[in-house]
Amino acid sequence: MPELPEVEVLARHLRPLIRGKTIRAVNVRRAKVLRPTAPRKFRRTLQGAKFNGVSRRGKYLLFQLRTRAGGKPIALLGHLGMTGRIFLAQKDRPLPKHAAVALDLGASNLVYEDTRYFGRLTLDISAVTRLGPEPLEDEFKAETFAQSLKRSRQAIKVKLLDQKLVAGIGNIYASEALFRARISPKLAANKLTGTQVQRLRLAIRAVLAEAIECGSTVPLNLKGNKSDGLFYFGRAPGAPDFYEERLRVYDREARPCPNCRRPIKRITQAARSTFYCPHCQRAR
Ligand SMILES: [Zn+2]
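In structure tokens, the structure reads:
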């Protein structure tokens, strides 16, 4: 599931490709992903609109457009959910089976594909107003972070998934940041010492920044060495596994800890998997 780094890499990838492109036609095949926007309003608003750019907030993509008449600004919000993908596809190729929305940009379609339809492509951007600070920006303040943790008795791993605490962290980077900060995922958030909070804040920034850097160097559209215009998280079939190899604990149960060589453990917290090293990440 894509988290902040993957969405950031996708935004950077799409930005130059869509900038200045006009939406000639709007093809909605699964209205569910537009919710709460009605399909009719979605079509009317976007028909003839022009893309200015795309940015990221938390795990969301925010497309900036201008209307055909009057040039009024429009924001289009994309969330990939569990299985969503957004990519440009040549218009002469058939749309993939699970294409939920296709925006006709002339020679290509901007396609939103989702096999399970948990994601969103919508004109309702209220979700981003409820997000906490961006972890890589100055607004992610040490003091505010410490105060928020002090108010929570949840296990720190579970608390890190709270998008109001800090935006964009999911299951992968919560485990990775805690490993980097040498903090047990089971420790209650309000039990972290001042030093641990500081270490955790820096570890969050480090793992996210590294993942963006790594993701930016990975070819996004390799499939058996042939470009198919699609974006793959992790490993595309036939491509080397260099994207996942950089993770130190996530999805590495029973494999040796990179620090102490003892086996990585998997536990379940709030119905999701956590990976950690019980030796390097002690409760105290
Ligand atoms: Zn270890």
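Counting from 1, one number per residue, gives the positions in the sequence shown under our numbering.
Every residue, glycine too, gets a C-beta built ideally from N, C-alpha and C.
Compute the distance between the beta-carbons of Y276 and S184, then report whether it is under 8 Å.
yes
Nearest-angstrom Cα separation, counted from R40 out to K164:
Whole-angstrom Cα-Cα distance: 32 Å.
So, at 7 Å on beta carbons, what are the nonlocal neighbours of A209 in its own chain, with the 5 sequence-adjacent residues on each side left out?
L136
Cross-strand partners of Q281 (DSSP beta bridge):
Partner(s): none; Q281 has no beta bridge.
Examine the Cβ distances between the region 100-107 and the region 21-29 and report whether three or more of them are shorter than 8 Å.
yes
Do I212 and L187 have their beta-carbon atoms positioned less than 8 Å apart in this structure?
no
I156: first and last residue of the uninterrupted alpha helix (DSSP H) it sits in
I156 to L160
Given S175, which residues of its chain have a CB within under 6 Å of its CB, disregarding the five upstream and five downstream residues?
V249, Y250, T274 and F275
Straight-line gap, S126 to L76 (C-alpha atoms, nearest Å)
11 Å
Where the beta strand (DSSP E) through S148 begins and ends
Where S148 is concerned, there is no enclosing beta strand (DSSP E), although the alpha helix (DSSP H) it sits in stretches over A142 to K150.
Taking a contact to mean a Cβ-Cβ separation below 8 Å, would you say L88 touches P2 in this structure?
no
Can you tell which of T195, L149 and N171 has the C-alpha that lies nearest to the C-alpha of R182?
T195
Taking buried to mean at least 16 other C-beta atoms within 10 Å of its own C-beta, is C257 buried or exposed?
buried
Own chain partners of H279 with C-beta closer than 6 Å, once the 5 adjacent residues on each side are dropped
C260 and R262
So is the beta-carbon of R255 under 7 Å away from any non-hydrogen atom of ligand 1?
no
Does the Cβ-Cβ distance between T45 and I74 come in under 8 Å?
yes
Following a CB-centred definition, is R262 positioned closer than 7 Å to any heavy atom of ligand 1?
yes
For the candidate residues L123, L95 and R130, whose alpha-carbon lies nearest to that of T67?
Among L123, L95 and R130, the Cα nearest to that of T67 belongs to L123.
Which same chain residues end up closer than 8 Å to R205 when comparing Cβ atoms and leaving out the 5 residues on each side of it in sequence?
P135, L136 and F140
Suppose only complete runs of 3+ residues qualify. What are the beta strand (DSSP E) ranges in the region 58-114, listed by chain order?
60-66, 73-79, 84-90, 99-104 and 108-114
By the DSSP assignment, the beta strand (DSSP E) with I267 in it spans what residues?
K265 to Q269
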